[in-house]
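For the record, the sequence lines run as chains A and B.
The numbering used here applies: residue -5 is where the first sequence begins, and numbers increase by one.
The numbering used here applies: residue 27 is where the second sequence begins, and numbers increase by one.
Below is one structure, written out as structure tokens, with a few remarks after it.
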Amino acid sequence: SQTIHQWPATLVQPVGSPLSLECTVEGTSNPNLYWYRQAAGRGLQLLFYSVGIGQISSEVPQNLSASRPQDRQFILSSKKLLLSDSGFYLCAWSPIGQGVGSPLHFGNGTRLTVT
Amino acid sequence: DAKTTQPTSMDCAEGRAANLPCNHSTISGNEYVYWYRQIHSQGPQYIIHGLKNNETNEMASLIITEDRKSSTLILPHATLRDTAVYYCIVRVGGSNYKLTFGKGTLLTVNP
């Protein structure tokens, strides 16, 4: 069966420090991968999605970047964190090529607090 | 993707059916209705989805109106563990889709 791992679960970082959040998927090949952010009291916002290695689409201009160095690995990064980067970050995957019938499968998220 | 409208919050007694409505009056013919839920501090969990016909799985039932402009998620016997935010979203299929979640409905199941 497929599983998704996301770490760390919680993170406290000072303003101006770098960030690296990692997500890996097991049990499937060539998945679509996604990074979402959920600010307190708000819905989920799609940040990045990827349909293959090295292929990243950004949904909103921001202080963050994403990379996909391997088929089942998705990394969210920042060179210098801002206070506004605080939030709940979620990684998700879905099977590629099965669009209409494929729900998203989410990790358990990383709660980032920038101080 | 079509926009959806959901009530901000709902209450349900434990053991009773929970009926969560969703309006999606601008849905187009190739858009599916999906339901997810999110328990506090966890990632969202997929529940069910459908296009035109009513659907049922081990978690819930999805009733879609004939004109497809609204739908209802039914949890037949709500438990305390069903307390969560429920998201209704519609989207077009295809391999490069993406989702935008709104604020959803906070369902509180009371003992």
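All C-beta atoms, glycine included, are put in the ideal place defined by N, C-alpha and C.
Predicted model only: the values in this text are computed from it and were never measured.
- If only complete runs of 3 or more residues are kept, the region 10 to 61 of chain A shows the beta strand (DSSP E) at 13 to 20, 26 to 32, 38 to 46, 49 to 52, in order along the chain.
- Across the set 135(B), 131(B), 63(B), 77(B), the C-alpha of 77(B) shows the shortest separation from the C-alpha of residue 54(B).
- Residue environment analysis places residue 99(A) among the buried positions, since at least 16 neighbouring C-beta atoms fall within 10 angstroms of its C-beta.
- Here DSSP, grouped into helix, strand and coil, assigns residue 63(B) to strand.
- In the three-state DSSP reduction, residue 106(B) falls in the helix class (H, G or I).
- Straight across, the Cα-Cα distance linking residue 39(B) with residue 65(B) is about 18 angstroms.
- Among the bridge pairs identified by DSSP, residue -4(A) is matched with none.
- Residue environment for residue 57(B): buried (at least 16 other C-beta atoms within 10 angstroms of its C-beta).
- Within the same chain, Cβ atoms closer than 8 angstroms to the Cβ of residue 70(B) are found at 62, 63, 64, 113, 127, the five residues on either side in sequence being excluded.
- Contacts with chain A at 8 angstroms (Cβ-Cβ) do not include residue 33(B).
- Residues of the region 60 to 82 of chain A whose Cβ lies closer than 9 angstroms to any Cβ of chain B, in chain order: 82.
- In this structure, residue 15(A) sits away from residue 30(A), with a CB-CB distance that is not shorter than 8 angstroms.
- Ranked by Cα distance from residue 49(B), the first of 134(B), 59(B), 35(B), 106(B) is 59(B).
- Under DSSP, residue 82(A) shares a beta bridge with 32(A), 105(A).
- The shortest CA-to-CA distance from residue 18(A) to any of 0(A), 104(A), 6(A), 8(A) is the one to 0(A).
- Ranking 102(B), 118(B), 115(B) by CA distance to the CA of residue 135(B) puts 102(B) first.
- Boundaries of the beta strand (DSSP E) harbouring residue 7(A): 4 to 7, taken from the DSSP string.
- Taking 9 angstroms as the upper bound on Cβ-Cβ separation, chain A lies near residues 60, 62, 64, 67, 68, 69, 70, 71, 72, 73, 74, 75, 77 of the region 59 to 90 of chain B.
- By the 16-neighbour rule on beta-carbons within 10 angstroms, residue 54(A) is exposed.
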